[in-house]
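Have a look at the structure below, then the notes.
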Amino acid sequence: MTLTGCATTPTETTGRANEMKLAFDFTDANPVALLNKLNNVGVTRKQLIESGVTPKIVMTFRGNASFFTQTDLSAVKEPERADALRVAAKLRELKSAPGVQGIEQCNLPLADRKLKPADLMQEVKLVPNGWIALGAYQQQGYAYIAP
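Each residue of the sequence shown is one higher than the last, beginning at 46 in my numbering.
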């Protein structure tokens, strides 16, 4: 799959950084779109490693993306459940990949969507407020990316 506007060959970083800190902010309601974006995070991670840069990646989930960090998929529309399972598998894969520092779920959207913190995937950390967490990552030098 080729995406318009995306690099298709390994890129060189300017200034030869030893590490790159990236904070991805996901809010997607569509599991297919979310899975494509997660795949791109994986490609980005690999490209950084191949270029000699250590990735430090965090992924945050807010809004309707919150449906896809849950172990209980009853709140996910029936036609989207198979794709939701693929998203969960990708999150597990990424969580164990070198360079992925964490996956976080904002607590704020859960109640409105009738989602329970107890149903959060074990790979995902619950944070009280995703915006505050993202702000803290930016203060630590992480680049904010809203794919």
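In this text, a Cβ means the ideal position worked out from N, Cα and C, and glycines have one as well.
Start and end residues, alpha helix (DSSP H) containing residue i
i            : result
lysine 170   : Looking at the DSSP string, lysine 170 is not in any alpha helix (DSSP H); the run it does join, the beta strand (DSSP E), is 170-172.
threonine 89 : 76-95
alanine 181  : 175-184
Contacting residues, own chain, Cβ-Cβ under 8 angstroms from residue i (five flanking each side not counted)
i            : result
tyrosine 189 : Ala68, Asp70, Leu179, Tyr182, Gln183
glycine 87   : Lys135, Glu138, Leu139, Ala142
Per-residue burial, residue i [other beta carbons within 10 Å of its own, 16 or more giving buried]
i              : result
aspartate 73   : buried
isoleucine 102 : buried
glycine 175    : buried
leucine 165    : buried
leucine 155    : buried
alanine 89     : In the sequence as presented, alanine is not what sits at residue 89; that position holds threonine. Result: buried.
arginine 107   : buried
proline 124    : exposed
Own chain partners of residue i with C-beta closer than 6 angstroms, once the 5 adjacent residues on each side are dropped
i              : result
methionine 104 : Phe69, Ile148
leucine 83     : Lys135
N- and C-terminal bounds of the beta strand (DSSP E) containing residue i
i              : result
leucine 67     : 64-71
tyrosine 189   : 188-190
methionine 104 : 99-106
Beta-carbon proximity list for residue i, same chain, < 7 angstroms, skipping 5 on both sides
i           : result
alanine 191 : Asp70
Residue ranges of each alpha helix (DSSP H) within the region 119-153, 4 or longer
126-140
Decide if the region 76-83 is in contact with the region 128-147; the criterion is three or more beta carbon pairs, one per stretch, under 8 angstroms apart.
yes
So, does the region 131-144 touch the region 94-113, judging by three or more C-beta pairs under 8 angstroms?
yes
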